[in-house]
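Down below is the structure, laid out as structure tokens.
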Amino acid sequence: MNNNTHKSYTVKEATVKLMQFCAYRDRSHKEVEEKLREMNMIPAAQEKIIIQLMQEDFLNEERFARSFVRGKFRIKKWGRIKIKRELKLKDISSPIIKIALREIDEDDYYTTLHDLAEKKLNLIRETDPFKKKKKLSDHLLRKGYEANLVFEVSNSFFE
């Protein structure tokens with residue numbers, strides 16, 4: 001089937017398809033809306049389907065955000081800043097982002113940052129301590145960690 005021909009879905013078919021889509025892993029409202037647009041569903045049908053998905057708990061923004069935070073922190077080792085930015089790109093509201101970020105344990109956060117720094121430091125082939133420290137700090141900032149924590153951890157390795 002080429003891209004010019006689209007299958008048309010009934011509201012019931014689209015709802016079932018979206019239930020499967022949401023059951024596979026938690027989704028944001030934005031992802032579901034994009035999927036419905038791809039399926040060429042009219043706005044009224046989109047709204048009806050989204051309401052049903054929410055009522056039947058297939059679509060839950062807070063659960064999505066919490067799961068996203070846990071995954072990006074545990075698996076990708078992202079910091080809060082990068083996680084928050086990515087959630088905003090997914091149109092998650094600030095209050096829900098705040099709630100979701102509570103999924104990160106403070107001690108785990110600091111330990112993860114320290115471990116990341118240690119691992120990266122062993123990979124940096126630079127003899128100049130200032131350049132080495134800058135490379136380390138830049139890496140941790142790109143991972144989305146707060147500047148004050150990055151500099152605290154970086155300084156601990158260069159005392």
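Going by full-length UniProt numbering, the first residue of the sequence shown is number 1, and it counts up by one from there.
Ideal Cβ placement from N, Cα and C applies to all residues, glycine included.
Note that the structure is a prediction, hence the values are computed from the model and not measured.
Quick check: what's the CA-CA separation for residue i versus residue j?
i, j, result
"Ser154", "Ser67", "29 Å"
"Lys48", "Ala14", "11 Å"
"Asp26", "Ser156", "39 Å"
"Phe158", "Leu116", "15 Å"
"Phe130", "Arg85", "29 Å"
"Glu106", "Val16", "40 Å"
"Glu126", "Leu140", "17 Å"
"Leu113", "Tyr24", "30 Å"
"Met39", "Ser137", "44 Å"
"Arg142", "Lys76", "12 Å"
"Glu34", "Val69", "21 Å"
"Asn2", "Met54", "Per-residue confidence for Asn2 stands at a pLDDT of 43, beneath the threshold of 50, marking its modelled position as unreliable; no derived number is given."
"Phe64", "Gln46", "19 Å"
"Leu149", "Glu56", "41 Å"
Within the same chain, show all residues whose beta-carbon is closer than 8 Å to that of residue i, passing over the 5 residues directly before and after it, in chain order.
i, result
"residue 205", "A query on residue 205 cannot be resolved here, the shown segment of the chain reaching from 1 to 159 and no further."
"Lys72", "Trp78, Lys82, Ile83 and Glu86"
"Met41", "Tyr9, Val11, Ala14 and Ile49"
"Arg80", "Leu101, Ile104, Tyr109, Gly144, Tyr145 and Glu146"
Could you give the DSSP three-state label for residue i: helix, strand or coil?
i, result
"Asn148", "helix"
"Lys132", "helix"
"Ile42", "coil"
"Met9", "The amino acid occupying residue 9 in the given sequence is Tyr; Met does not appear at that position. Looking at Tyr9 - three-state DSSP - the assignment turns out to be coil, as it is neither helix nor strand."
"Asp57", "coil"
"Ile49", "helix"
"Ser154", "helix"
"Ala119", "A quick correction: the sequence has Lys, not Ala, at residue 119. Lys119: helix per DSSP, three-state reduction."
"Asp108", "helix"
"Thr127", "coil"
Which same chain residues, not among the five before or five after residue i, have their C-beta less than 6 Å away from its C-beta?
i, result
"Arg74", "none"
field: Unbroken stretches of the alpha helix (DSSP H), 4 residues or longer, contained in the UniProt domain "RecX second three-helical" (60-101)
entry: 61-74, 80-89 and 94-101
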